[in-house]
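Student:
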DNA sequence: GTCTATATTGTGATAGAC
DNA sequence: GTCTATCACAATATAGAC
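Residue numbers (the numbering used here), protein chains in the order written: chain A, 1 to 217; chain B, 1001 to 1217.
Printed below as a string of structure tokens:
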């Protein structure tokens, strides 16, 4: 067996990973500015100094968390949207996968959007990580296949002409809104967690058809 | 003429209002947790102590800003959605008014949604301010007319049956997304401000038709 | 690598002169 | 009402023992 150091409190734990995970939880629920290093250390079960040992500063930790979180979600979204799947099935697959994935961590989209508001410079690094180095407007290359697909379907008269940006704003907007507006919906419509889950199920079932009808000529 | 005190730097200014406005700007762009009392005072052209004189604490100021900001937008949204306007015109009017209003302060929706995430308890006060005291789930009363309208149109076979919550999530989601995702869209698609404005114009023109088609049976 | 202790700065808030 | 000066403490960050 390999000689491996063991933590006092957690025998086998990969400390760096535990810190990163705790940081993700705290950053996502408190927001980057509202998060406290103290709370992260506590949740990770380590001392606060260790956070600096591994990540140097709060800003470094925050960047690492954003990389980890956005590095999962953004590529998944882009790859699915730009796949070769036929448009109709692609829309349904996207809605289902997005809602099913995000409902497990419902505050993630809000965190990512807020983070991009305060640190827009962190996005390019994310996107190039998906597709390697790219010319200036990265999304043009990232939605190449989607673009061709939309043109083809429009030429065939099955849908109205629509650009990838608008398509993305429509599909993503419809999927994302329930999550970013979750507190509002819960309070305003008196939902509990179960009611919100049912609401998500209904959206999941209705959205693909709604989108397809909306795209019709 | 009434005897009125004058500030040293700004002859006629209503100080409290200047502070509130500066606070709104700073809170909206930095987020509540990231905002600094120092920066607000500077932007208002007054001393930091004055903020406490008028609003007691950062939390008090933050609550006042949220009341002021959400107190404009939320009632406008709800009243328009629940008006007696025929459904088709209502949808178009809503999309146009929402985009035209919010484009002047594009970060407002993000601020409101983030604020509701961290202080959901502040919403009920907002809603009751619109419609007076209400029984437990406020939105039920606030969308009474919309509800009736959707049922009537569904019974007539013009649209599919849809609940007010889903209707709101659809319409509002489509309108709101360009604003909350603005940084992402700008960076990912290499837009400048003018391109984003054109994008909004296109959305404004396309969304009403898209929604109506999507609602069809 | 992990801890305790401490330095250093940031930040909300108050006291008191004018 | 508005300012200057200052307090008190919270929060990030570092030093150094183990």
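All C-beta atoms, glycine included, are put in the ideal place defined by N, C-alpha and C.
Taking all protein chains shown into account, decide if residue 125 of chain A is buried (16 or more other Cβ within 10 angstroms of its Cβ) or exposed.
Tutor: Numbered from its first residue, the first chain carries residue 125 of chain A at position 125. When all chains shown are included, residue 125 of chain A counts as exposed.
Student: Suppose the cutoff is 7 Å on Cβ atoms and the five residues either side in sequence are ignored; what does the same chain contact list for residue 1180 of chain B look like?
Tutor: Here residue 1180 of chain B refers to the residue found at position 180 when the second chain is read from its first residue. Once the five neighbours on either side are set aside, the close Cβ partners of residue 1180 of chain B are 1109, 1110 and 1113.
Student: For chain A, check one thing: does any of its Cβ atoms lie closer than 8 Å to the Cβ of residue 1214 of chain B?
Tutor: Here residue 1214 of chain B refers to the residue found at position 214 when the second chain is read from its first residue. By this cut-off, residue 1214 of chain B is an interface position.
Student: Output needed for residue 69 of chain A: all residues of its chain with C-beta closer than 8 Å, excluding positions within five of it in sequence on either side, in chain order.
Tutor: As a working mapping, residue 69 of chain A is identified with position 69 in the first chain. So the qualifying residues of the chain are 24, 28, 108, 111 and 112.
Student: In chain B, which residues lie with their C-beta within 8 Å of the C-beta of residue 210 of chain A?
Tutor: Here residue 210 of chain A refers to the residue found at position 210 of the first chain. Neighbours of residue 210 of chain A on chain B, chain order: 1170, 1214 and 1215.
Student: Which word fits residue 972 of chain B, buried or exposed, when buried means at least 16 other C-beta atoms lie within 10 angstroms of its C-beta?
Tutor: The question about residue 972 of chain B has no answer here: the residues shown for chain B are numbered 1001 through 1217.
Student: Beta carbon of residue 76 of chain A: closer than 7 Å to some heavy atom of the ligand HEM?
Tutor: Questions concerning the ligand HEM fall outside what the structure shown contains, since it holds no ligand whatsoever.
Student: Between the alpha carbons of residue 170 of chain A and residue 157 of chain A, how many angstroms are there, rounded?
Tutor: One-based indexing of the first chain puts residue 170 of chain A at position 170. One-based indexing of the first chain puts residue 157 of chain A at position 157. Approximately 20 Å, taken between the alpha carbons.
Student: What in chain A is Cβ-close to residue 1037 of chain B, meaning under 7 Å?
Tutor: Walking along the second chain from the start, residue 1037 of chain B turns up at place 37. Chain A residues near residue 1037 of chain B: none, gap ~14 Å exceeds 7 Å.
Student: Would you list, in chain order, the members of the stretch 144-159 of chain A that have their beta-carbon closer than 8 Å to a beta-carbon of chain B?
Tutor: Answer set for the stretch 144-159 of chain A: empty.
Student: Can you check whether the CB of residue 1043 of chain B is closer than 8 Å to the CB of residue 1063 of chain B?
Tutor: As a position in the second chain, residue 1063 of chain B is number 63, starting the count at 1. As a position in the second chain, residue 1043 of chain B is number 43, starting the count at 1. No, they are not a contact pair.
Student: Quick one: does residue 177 of chain A have its CB under 8 Å from some CB of chain B?
Tutor: Position 177 of the first chain holds residue 177 of chain A. Yes, because at least one Cβ of chain B sits closer than 8 Å to the Cβ of residue 177 of chain A.
Student: Nearest-angstrom Cα distance between residue 142 of chain A and residue 72 of chain A?
Tutor: Along the first chain, one-based indexing puts residue 142 of chain A at 142. Along the first chain, one-based indexing puts residue 72 of chain A at 72. Whole-angstrom Cα-Cα distance: 16 Å.
Student: Considering only the beta carbon of each residue, do residue 177 of chain A and residue 1055 of chain B sit closer than 8 Å?
Tutor: Position 177 of the first chain holds residue 177 of chain A. Position 55 of the second chain holds residue 1055 of chain B. No, these two residues do not count as a Cβ contact at 8 Å.
Student: Which class does residue 1110 of chain B belong to by DSSP, given the choice of helix, strand or coil?
Tutor: Your numbering for residue 1110 of chain B matches position 110 in the second chain. Of the three classes helix, strand and coil, the one that applies to residue 1110 of chain B here is helix, per DSSP.
Student: Determine whether the beta carbon atoms of residue 1187 of chain B and residue 75 of chain A lie at a separation below 8 Å.
Tutor: Along the second chain, one-based indexing puts residue 1187 of chain B at 187. Along the first chain, one-based indexing puts residue 75 of chain A at 75. Not in contact: residue 1187 of chain B and residue 75 of chain A (Cβ atoms no closer than 8 Å).
Student: When you compare the CB of residue 200 of chain A with every CB in chain B, is at least one pair closer than 8 Å?
Tutor: Counting from 1 along the first chain, the entry for residue 200 of chain A is found at position 200. Output row for residue 200 of chain A: interface = no.
Student: Less than 8 Å between C-beta atoms, sequence neighbours within five positions excluded: which residues of the same chain meet that for residue 16 of chain A?
Tutor: As a first step, residue 16 of chain A is located in the first chain; it is residue number 16 there, counting from the start. Only 54 meet the Cβ criterion.
Student: Would you report the Cα separation of residue 1217 of chain B and residue 214 of chain A, rounded to the nearest angstrom?
Tutor: Position 217 of the second chain, counted from the first residue, corresponds to residue 1217 of chain B. Position 214 of the first chain, counted from the first residue, corresponds to residue 214 of chain A. Cα to Cα, the separation comes out at about 11 Å.
Student: Which whole runs of the alpha helix (DSSP H) in the stretch 128-177 of chain A are 4 residues long or more, in chain order?
Tutor: Correct list: 138-142 and 144-155.
Student: Do residue 212 of chain A and residue 91 of chain A count as a contact pair if the criterion is CB distance below 8 Å?
Tutor: Counted from its first residue, the first chain places residue 91 of chain A at position 91. Counted from its first residue, the first chain places residue 212 of chain A at position 212. Against a cut-off of 8 Å, the Cβ pair of residue 212 of chain A and residue 91 of chain A comes out as a contact.
Student: May I ask you to verify whether the stretch 86-100 of chain A touches the stretch 197-208 of chain A, counting CB pairs closer than 8 Å and requiring at least 3?
Tutor: Contact holds: three or more Cβ-Cβ distances are below 8 Å.
Student: What does the Cβ neighbour count give for residue 1173 of chain B, buried or exposed, with the cut at 16 atoms within 10 Å?
Tutor: Stepping through the second chain from its first residue, residue 1173 of chain B is reached at position 173. Residue 1173 of chain B comes out buried.
Student: Look at the alpha carbon of residue 3 of chain A and the alpha carbon of residue 50 of chain A, and state the distance between them as a whole number of angstroms.
Tutor: Start at 1 with the first residue of the first chain, and residue 3 of chain A comes out as number 3. Start at 1 with the first residue of the first chain, and residue 50 of chain A comes out as number 50. Interpretation of residue 3 of chain A is limited by its pLDDT of 38, a score under 50 that renders its predicted location unreliable; the figure taken from the coordinates is listed afterwards. Between residue 3 of chain A and residue 50 of chain A, the C-alpha separation is close to 22 Å.
Student: Find out if the Cβ-Cβ distance for the pair residue 34 of chain A, residue 1033 of chain B is shorter than 8 Å.
Tutor: Residue 34 of chain A sits at position 34 when you count from the first residue of the first chain. Residue 1033 of chain B sits at position 33 when you count from the first residue of the second chain. A contact, by the Cβ cut-off of 8 Å.
Student: Identify, in the order they occur along the chain, each residue of the same chain with its Cβ nearer than 8 Å to the Cβ of residue 191 of chain A, setting aside the five sequence neighbours on each side.
Tutor: Here residue 191 of chain A is taken as the residue at index 191 of the first chain, counted from 1. These residues qualify, in order along the chain: 185 and 199.
Student: So, residue 145 of chain A versus residue 154 of chain A, is the Cβ gap smaller than 8 Å?
Tutor: Position 145 of the first chain, counted from the first residue, corresponds to residue 145 of chain A. Position 154 of the first chain, counted from the first residue, corresponds to residue 154 of chain A. No; because the gap between Cβ atoms is not below 8 Å, this pair is not in contact.
Student: So, using beta-carbon positions, are residue 182 of chain A and residue 86 of chain A closer together than 8 Å?
Tutor: Working through the first chain from its first residue, we reach residue 182 of chain A at position 182. Working through the first chain from its first residue, we reach residue 86 of chain A at position 86. For residue 182 of chain A and residue 86 of chain A, no; Cβs fall outside 8 Å.
Student: Take residue 1082 of chain B as the anchor and find which of B:1040, B:1204 and B:1149 has the nearest alpha-carbon.
Tutor: The residue you call residue 1082 of chain B lines up with position 82 of the second chain. The residue with the shortest Cα to Cα distance from residue 1082 of chain B is B:1149.
Student: If you measure beta-carbon to beta-carbon, which residues of the stretch 177-191 of chain A are closer than 9 Å to chain B?
Tutor: Flagged, chain order: 177, 178, 180, 181, 182, 183, 184, 185, 186, 187, 188, 189, 190 and 191.
Student: Whole angstroms is fine: what's the gap from residue 1067 of chain B's alpha carbon to residue 1037 of chain B's?
Tutor: Here residue 1067 of chain B corresponds to residue number 67 of the second chain, with the count starting at 1. Here residue 1037 of chain B corresponds to residue number 37 of the second chain, with the count starting at 1. Rounded to the nearest angstrom, the two C-alpha atoms are 18 Å apart.
Student: I want to see whether chain A comes within less than 8 Å of residue 1218 of chain B, judged by CB atoms only; does it?
Tutor: Missing from the structure shown is residue 1218 of chain B; chain B here goes from 1001 to 1217 and no further.
Student: Tell me whether the beta-carbon of residue 1204 of chain B lies closer than 8 Å to the beta-carbon of residue 1077 of chain B.
Tutor: By one-based count along the second chain, residue 1204 of chain B stands at place 204. By one-based count along the second chain, residue 1077 of chain B stands at place 77. The answer is no: Cβ separation not under 8 Å.
Student: Go through its chain and collect everything with a Cβ distance to residue 103 of chain A's Cβ below 6 Å, but skip five positions before and after it.
Tutor: Your numbering for residue 103 of chain A matches position 103 in the first chain. Within the same chain, residue 103 of chain A has close Cβ partners 200.
Student: Can you tell me the Cα-Cα spacing of residue 1202 of chain B and residue 1165 of chain B, whole angstroms?
Tutor: Position 202 of the second chain, counted from the start, is the residue given in the question as residue 1202 of chain B. Position 165 of the second chain, counted from the start, is the residue given in the question as residue 1165 of chain B. Taking the straight line from one Cα to the other gives about 26 Å.
Student: Give me the residue from B:1193, B:1195 and B:1118 with the minimum Cα distance to residue 30 of chain A.
Tutor: Here residue 30 of chain A refers to the residue found at position 30 of the first chain. Measuring from the Cα of residue 30 of chain A, the nearest candidate turns out to be B:1118.
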